[in-house]
Every structure is written in structure tokens, then in C-alpha cells.
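Take a look at the structure set out below.
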Amino acid sequence: MNTDRDFQMMKKQERAHFFSSKEQDLILKLYEEEREVLTAKSNTTSASKLREEAWQRIADKINAVSDSGYKRSWQQVKVKHKNIVQTAKRRQVGVLRTEGGSATPSLTSAEEDVLQHKDSLLRVEVLPGGACIEPLTGSDNSFISGHPVLLLPVTKTEPESLSSDETDRQTEDIRTLYCCYLKKEIENRDQQMAYRALKMRKMEKEILLLDKQLM
286 MNTDRDFQMM KKQERAHFFS SKEQDLILKL YEEEREVLTA KSNTTSASKL REEAWQRIAD
346 KINAVSDSGY KRSWQQVKVK HKNIVQTAKR RQVGVLRTEG GSATPSLTSA EEDVLQHKDS
406 LLRVEVLPGG ACIEPLTGSD NSFISGHPVL LLPVTKTEPE SLSSDETDRQ TEDIRTLYCC
466 YLKKEIENRD QQMAYRALKM RKMEKEILLL DKQLM
């Protein structure tokens, strides 16, 4: 009898580490109640303490109603919530890739609850044939509930051909601009030559003045 009881205790301890469906549903429900604290952007010591206390409250409520006989720590509950979210997202992507966006994805109730929340939405674009683009981020992206996205072909537009009069007018405009450019270049060169001549005369005067001083 003692052997059977010990065996049952061992089996119970092995199963204790696994969260039941009831516990997982409760984690998600209690997380929503503590969402404001747990999703706060502040990284101060006091904010971290508040988040830890929130996770502890969740763990205490789970332990109060759990029939597993195993007391969950707040760290275990936090890790389990993260795993539920990640698993739900991976399975949703897998469903869209293999089934091309089935309307009845094979997700657990807990995973479906995760995907229904705003901050946990999986934004995916499904291409014809079941191909799937990587999940998108950003508030402007819309959630696609498993329906394929129709990609319309890009219409190539040919440039309109110009009449002979318009072509001549454009050619004339180009010539006018080029003539203005040449005039500016000539003016700049004339100014540079005048500056050099002035500088040379100045140097000649300085040389003459220096010669007079040496006499």
C-alpha cells in the first residue's frame, strides 16, 4: 500500500510542473486584470516592484483555486504567460502557412484568447498558395483573421508621347538655359581675369616701392 501511495505521489509531482488548461485560462484572465501595471513603460525600481507584486497576486489567486496540489511561484506564472503568447503566435503562423488561412485554426482556447487581445494580435499577410510573410508590427497594420490577401498586379503605365511642337518647345527651352549658363561662365571668367590683372599691378607697385626703399 505504501508503495502504491509513493508511486501516486511521484506521478503527481511529475504532473505538477505542467499547467492545466484551467490554470492557463486563469493566467490570461488575471493578466488582463493586472494589465495596466504589468504593461507600464517605466523601468524604475518602484515600477519593477509593482510588476512583481502584480505577478505575485496572480500566482496567489491561481494557487487558491488550483487542484494540482502544486504551489506556483510568480516567476513560474510569468514565464508560463510568456510561453502561452509565443506558442499561440507560432501556431497561428503555422496554421496560415499550411492551410492558407483556415477559418478554424487548431488552437487551444487559451491561445485563441491571447490572439484576441489588442497587444497580442498576430499581423500576418497570406499570399496565394499558402505562402506567408513575416509578422508585421505597428499600430497601423490591420489584423487578418485567416483570410488570404488578394495581391493585385501592378499596372504599368507607358509615358505619353509628346507632339512635335512640344518637343521643339522643350529643345528651345534647353538651348535658352544653356546659353544663360555660358553667359554666366564667361562673366565669371572675365571677373577672375580682371582680379588677376589687378593683383599683378598691385604686386608691381609693391616691387617698385621696395626698390625705392633699397636705393
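Using my numbering, the letters of the sequence shown correspond one by one to residues 286 to 500.
Every residue, glycine too, gets a C-beta built ideally from N, C-alpha and C.
Alpha helix (DSSP H) runs wholly inside the segment 323-391, at least 4 long, in chain order: 330-350 and 359-384
Between the C-alpha atoms of Asp345 and Ser327, what's the straight-line distance to the nearest angstrom? In the sequence shown, counting from the first residue as 1, residue 345 sits at position 60. In the sequence shown, counting from the first residue as 1, residue 327 sits at position 42. If you take the alpha carbons of Asp345 and Ser327, they lie about 24 Å apart.
Delimiting residues of the alpha helix (DSSP H) encompassing Glu318: By 1-based counting over the sequence shown, the position of residue 318 is 33. That run of the alpha helix (DSSP H) goes Ser306 to Glu318.
Report yes if the C-beta distance between Ile343 and Tyr316 is below 8 Å; otherwise report no. In the sequence shown, residue 343 corresponds to position 58, counting from 1. In the sequence shown, residue 316 corresponds to position 31, counting from 1. Yes. Within cutoff.
Secondary structure at Lys484, three-state DSSP: helix, strand or coil? As a first step, residue 484 must be located in the sequence shown, where it is residue number 199. Note: Lys484 maps to helix in three-state DSSP.
Can you grab the Cα-Cα spacing for the pair Leu495 / Asn473, in whole Å? Along the sequence shown, read from residue 1 onward, the residue named residue 495 stands at position 210. Along the sequence shown, read from residue 1 onward, the residue named residue 473 stands at position 188. Distance between the alpha carbons of Leu495 and Asn473 is about 33 Å.
Give me the Cα-Cα distance between Val322 and Arg336, rounded to the nearest whole angstrom. Reading the sequence shown from its first residue, position 37 is the one you call residue 322. Reading the sequence shown from its first residue, position 51 is the one you call residue 336. Between Val322 and Arg336, the C-alpha separation is close to 6 Å.
8 Å CB neighbourhood of Val362 in its chain, flanking five on each side removed: For the purposes of this step, residue 362 is taken as the residue at position 77 of the sequence shown. Within the same chain, Val362 has close Cβ partners Ile312, Trp340, Ile343, Ala344 and Ile347.
Rounded C-alpha distance that separates Lys374 from Gln309: For this step, residue 374 is matched to residue 89 along the sequence shown. For this step, residue 309 is matched to residue 24 along the sequence shown. Using only the alpha carbons, I get a separation of about 16 Å.
Is it the case that the Cβ atoms of Phe304 and Lys365 are separated by a distance below 8 Å? Position 19 of the sequence shown holds residue 304. Position 80 of the sequence shown holds residue 365. Closer than 8 Å, so yes.
Would you decide whether Ile369 is buried or exposed? Buried here means 16 or more other CB atoms lie within 10 Å of its CB. Position 84 of the sequence shown, counting from 1, holds the residue named residue 369. Ile369 is buried by the Cβ-count criterion.
Compute the Euclidean distance between the alpha carbons of Asp475 and Lys468, then round it to the nearest angstrom. Along the sequence shown, one-based indexing puts residue 475 at 190. Along the sequence shown, one-based indexing puts residue 468 at 183. Spanning the two alpha carbons is a distance of roughly 11 Å.
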